[in-house]
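Novice: I'd like to ask some things about the structure below.
Number of protein chains: 2
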Amino acid sequence: MPQEDYSAEQAMRYMQDTLYVTGGKWKLLILTAIHAGSKRFKEIQGSVPGITAKVLSKELKDLELNKLITRTVYDTTPVTIEYEGTEYCQSLNTMINEMIKWGAMHRKQIRD
Amino acid sequence: MPQEDYSAEQAMRYMQDTLYVTGGKWKLLILTAIHAGSKRFKEIQGSVPGITAKVLSKELKDLELNKLITRTVYDTTPVTIEYEGTEYCQSLNTMINEMIKWGAMHRKQIRD
DNA sequence: CTGTATCCATGATGATACTG
DNA sequence: CAGTATCATCATGGATACAG
């Protein structure tokens, strides 16, 4: 039984909060892509396997609403749009890196 | 731009692996409940707000298949069944704790 | 390029009742 | 207590076409 910093009820609420913002099939994958350097719509779509434009569009809006990314329109011809993680988004870095690390470890495990 | 331990493609694959095992609406909440000490079916159902017996039953089977929990039948009267995290499940502790910590921080932020 | 609109299929979930 | 069965509903996502 691990010692926790929070009660079971608190832990549950906080986990729910985290999942509310980052949960679902795509958000963490999109953040991973942006985290890794993708900025343009097509670039992100290329990085996230299987995502369609419709879904990516909706998810980017959600992330923007939650202040995790910014959408900047550059007045070039044709217009260029860049998505970037906000400063606040960086608070997710530790968590995201832990998830990636676990996935790497897990992949090793199931291969053996 | 943070320095990463993995290439963008690797990071994406590993994140996908992690989400494959722990993703979806309920798995991390169930693991949080078990992590916090819940063992019995009803206990877990009581800890995870809104989950139905049908869904919990299915999710517990998935988690068992992925070797994250064990299901033990005790031959009492009436029969007692306990779910517990495996040793392998403990490798998720850091990640889960980071998610809970982030939720706690985020809740503070949005309150202000 | 960066999306939006529409239509449709599917899987996930909810409600309720029921079993060993 | 610990689930399963059945039916209905609903959100998610896929395919395709189209727009600024």
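Protein chains in written order, with the working numbering: chain A, 1 to 112; chain B, 1 to 112.
We treat Cβ as the ideally placed atom computed from N, Cα and C, and that holds for glycine.
Here the structure is a predicted model, which means the values were calculated and not measured.
Comparing alpha-carbon positions, which option in B:Glu59, B:Asn97, B:Glu64 lies nearest Lys25 (chain B)?
Specialist: The candidate whose alpha carbon is nearest that of Lys25 (chain B) is B:Glu59.
Novice: Shortest alpha-carbon distance to Glu87 (chain A) belongs to which of A:Ile81, A:Thr77, A:Glu98, A:Asn66?
Specialist: For Glu87 (chain A), the nearest C-alpha among the options comes from A:Asn66.
Novice: Excluding the 5 residues flanking Glu64 (chain B) on each side, which residues of the same chain have their C-beta closer than 6 Å to its C-beta?
Specialist: Result list for Glu64 (chain B): Arg71, in chain order.
Novice: Our contact map puts Gly103 (chain B) next to Met15 (chain A) with C-beta atoms below 8 Å; I'd like the distance itself, whole angstroms only.
Specialist: Contact holds; Cβ gap of about 6 Å.
Novice: With a Cβ-Cβ cutoff of 8 Å, do Thr94 (chain A) and His106 (chain B) count as a contact?
Specialist: No, these two residues do not count as a Cβ contact at 8 Å.
Novice: My assumption, with CB atoms under 8 Å, is that Ile44 (chain A) sits in contact with Leu56 (chain A). Please give the rounded CB distance.
Specialist: Contact flag correct, Cβ pair sits at about 7 Å.
Novice: Is the distance from the Cβ of Ala36 (chain B) to the Cβ of Ala33 (chain A) below 8 Å?
Specialist: No; because the gap between Cβ atoms is not below 8 Å, this pair is not in contact.
Novice: Please state whether DSSP places Tyr83 (chain A) in a helix, a strand or coil.
Specialist: Tyr83 (chain A): strand per DSSP, three-state reduction.
Novice: Does Ile100 (chain B) get closer than 8 Å to chain A when you measure Cβ to Cβ?
Specialist: For Ile100 (chain B), the answer is yes, since a Cβ of chain A falls inside 8 Å of its Cβ.
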